[in-house]
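Asker: No gaps in the numbering here: position 156 of the sequence shown is 893 in our numbering, and each next residue is one more. Each residue gets a CB set at the ideal place from its N, CA and C atoms; glycine is no exception.
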Amino acid sequence: MKMMISNDWIAGFVDGEGCFSICIQKRRNYHTYTPKDFILYLCFKIRLHSDDVHALEEINRVLGVGNVSISSKVAQYAVYNLEDCIFLSDFFKDKLFTKKRKDFELWCEALEIFNTRKHRTKNGFLEITKIRDLMNVDSSKKHKNYRSSEWFISYFRANPQMQVHRLKT
738 MKMMISNDWI AGFVDGEGCF SICIQKRRNY HTYTPKDFIL YLCFKIRLHS
788 DDVHALEEIN RVLGVGNVSI SSKVAQYAVY NLEDCIFLSD FFKDKLFTKK
838 RKDFELWCEA LEIFNTRKHR TKNGFLEITK IRDLMNVDSS KKHKNYRSSE
888 WFISYFRANP QMQVHRLKT
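This is the structure in structure tokens:
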């Protein structure tokens, strides 16, 4: 099914279905909780029933960044690449009107920290965790291995060595 969609249509769709997030992921095969055991990255996703994959493909075509995938009954459009996230920050600036706007603005704050590579410092990493804790607060789903900014702060006080890695996409 071929659709013709506008930038405003995409913004409205994202207001309803999009998710801006900051992910802190535990590395596999690491059995401690040192900073080097975590991968830190930004993410933008839209998930729909697989029957509606055509809408995600059209969004992907218009934006020109990210990827569409299907697994089981879920279709997903996702953007992880830092340069693509910068593009999205410009694209959605002043276009979102729901509570999604607050998450987007926080995500853009984190993006600036990533873009200046400050997320690789102890203070930058902690700032990212604080921003993440403020995002998507209405969400009933929490990450399985969720660590709050308070957990990271107490951890780094006890273990001052710092090394943070960025997910390569």
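1) Within the stretch 772-842, note down every full alpha helix (DSSP H) run reaching 4 residues or more, in order along the chain.
2) State buried or exposed for His786, treating a residue as buried only when at least 16 other CB atoms are found within 10 Å of its CB.
3) Measuring alpha carbon to alpha carbon, tell me which of Val811, Cys780 and Cys845 ends up nearest Val790.
4) State the Cα-Cα distance for the pair Ala815 and Ile783, rounded to the nearest angstrom.
5) Return helix, strand or coil for Ile742, following the three-state DSSP convention.
6) Given a cut-off of 8 Å on the beta-carbon distance, is the pair Ile759 and Arg869 in contact?
7) Tell me which same chain residues have a C-beta within less than 7 Å of the C-beta of Asp840, skipping the five on either side of it?
8) Taking the Cβ atom as the reference point for each residue, do Gly801 and Phe781 lie within a distance shorter than 8 Å?
9) Quick check: Leu825 and Phe851, are their CB atoms within less than 8 Å of each other?
10) Around the Cβ of Phe862, are there at least 16 other Cβ atoms within 10 angstroms (buried) or fewer (exposed)?
11) Going by the CB atoms, is the gap between Leu833 and Val751 shorter than 8 Å?
12) Taking only the alpha-carbon atoms, compute the straight-line gap between Lys763 and Asp821 and give it to the nearest angstrom.
Answerer: Looking at the atomic coordinates:
1) 790-800 and 819-829
2) exposed
3) Val811
4) 7 Å
5) coil
6) yes
7) Phe757, Met872 and Asn873
8) Cβ distance not < 8 Å, so Gly801 and Phe781 don't count as in contact.
9) no
10) buried
11) yes
12) 24 Å
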